[in-house]
Amino acid sequence: MTLADHHTGDNAGAGRRPRPRIAAVIPALDEAPSIARVVEGLSGQALLASGEIIVVDNGSTDGTGEIARRAGARVVREGRRGYGYACLAGVLAARDAEVIVLLDGDAADEPDDLPRVLKPLLEEEADLVVGSRALGSRARGSMTWQQIFGNHLAAFLMRVLYGVRVSDVGPFRAIRREDLLALEMREMTYGWPSEMIVKSARTGYRYCEVPVTYHQRIGISKVGDTLVGSLKVGWRIISTVLRYSRWTPRKTNAAGVHR
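In the working numbering, the protein residues as written are 4 to 262.
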């Protein structure tokens with residue numbers, strides 16, 4: 004199989020399934036210095052040629068939404084502050100998409116990694132793909148020591164409690180829209196990425212990590228540049244990992260896998 008096409012059978016004359024429509028969702032709060040670079044970087048990706056780029060303006064006061072619109076994105080506004088609220092608003096807005104890609108608007112994620120993140124999903128080898136900064140390349144100073152420690156702790160707990168080989172709770176990820184909606188996401192702040200991983204594990208989704216490049220972000224971090232902010236986010240992530248250890252999805256498919 005290739006990224007461009009999925010064969011519906013082994014015969015040479017078999018038809019080809021069209022590439023699923025992909026939406027890149029970018030939650031953004033006051034990312035005016037970086038958002039155009041992110042949107043323009045994604046616009047050049049062939050896999051998004053028939054898809055769309057959605058920037059969710061989460062209450063910015065610096066013109067982030069207008070800059071994103073001029074760069075070519077569709078802008079959705081979500082007035083409720085929170086990383087999870089912004090992500091969910093983008094997912095709900097992407098009604099025509101079959102596949103959702105999530106990444107941040109601070110230019111720390113590398114748009115050229117998009118094909119790598121999508122590959123296991125499009126080749127039907129995984130249901131949730133996360134770009135791992137630990138397996139890839141992380142620029143010096145792109146994460147504080149407390150962020151690195153919290154990330155390692157969350158990954159360790161996921162391995163112990165859920166049996167998922169996690170190396171990084173990174174923001175760059177891909178999942179089919181229907182699978183994401185089936186997870187009934189509830190963590191509307193920074194617990195969203197962790198909730199997605201642990202609920203996917205409890206649902207039986209196939210988890211996969213791919214190495215990605217992580218740059219120094221443009222602008223000031225909303226939480227990571229202060230110890231107190233990092234500790235609050237860290238606790239939100241850890242508590243989310245612990246909270247869903249007994250969670251059970253409501254629906255199962257014919258094969259018995261929760262979907």
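C-beta: ideal position from N, C-alpha, C; glycine also.
Model, not experiment: these values are computed from the prediction.
At a Cβ-Cβ threshold of 8 angstroms, Val215 and Gly134 count as neighbours.
Taking every protein chain shown into account, the CB of Asp115 has fewer than 16 other CB atoms within 10 angstroms, so this residue is exposed. If you draw a straight line from the Cα of Ala100 to the Cα of Pro23, it is about 8 angstroms long. The residue from Arg209, Gly173 and Phe152 with its alpha-carbon nearest to that of Arg179 is Arg209.
Non-local C-beta neighbours of Asp130 in its own chain, meaning closer than 8 angstroms and more than five positions away in sequence, comprise Leu124, Ile178, Arg179, Asp182, Ser203, Tyr208, Arg209 and Tyr210, ordered along the chain. Your pair Val28 and Val94 checks out as a contact, with CB atoms roughly 6 angstroms apart and the cut at 8 angstroms. Here the alpha carbons of Ile25 and Ala52 stand approximately 9 angstroms from one another. The beta carbons of Asp60 and Arg80 sit closer together than 8 angstroms. Beta-bridge pairing by DSSP links Ala27 to Ile56 and Val104. With contacts defined as CB atoms closer than 8 angstroms, Gly62 and Met191 fail to qualify as a contacting pair. In summary, Leu245 is exposed, with fewer than 16 beta-carbon neighbours lying within 10 Å of its beta-carbon over all protein chains present. Note that the C-beta distance between Ile221 and Ala110 is below 8 angstroms. Looking at Arg176, Ser197 and Val78, the one whose alpha-carbon comes closest to that of Glu212 is Arg176.
Residue pairing by DSSP places Thr216 opposite Ser140 in a beta bridge.
Under the DSSP definition of a beta bridge, Ile178 partners with Ile103 and Leu131.
The beta carbon of Tyr193 lies closer than 6 angstroms to those of Tyr86, Val236 and Arg239 in the same chain, with the five residues before and after it left out. Glu34 counts as buried, since no fewer than 16 other beta carbons sit within 10 angstroms of its beta carbon.
Every beta strand (DSSP E) stretch that sits fully inside the region 61 to 118 and reaches 3 residues is listed by chain position as 77 to 80 and 102 to 105. Excluding residues up to 5 positions away in sequence, Gly108, Asp109, Ala110, Arg220, Ile221 and Gly222 lie with their Cβ nearer than 8 angstroms to the Cβ of Ser37 in the same chain. Cβ atoms of Ser170 and Ala158 come within 8 angstroms of each other, at about 6 angstroms. Arg73 and Leu160 have their alpha carbons spaced roughly 42 angstroms apart. Around the beta-carbon of Arg141, 16 or more other beta-carbon atoms lie within 10 Å, marking it buried.
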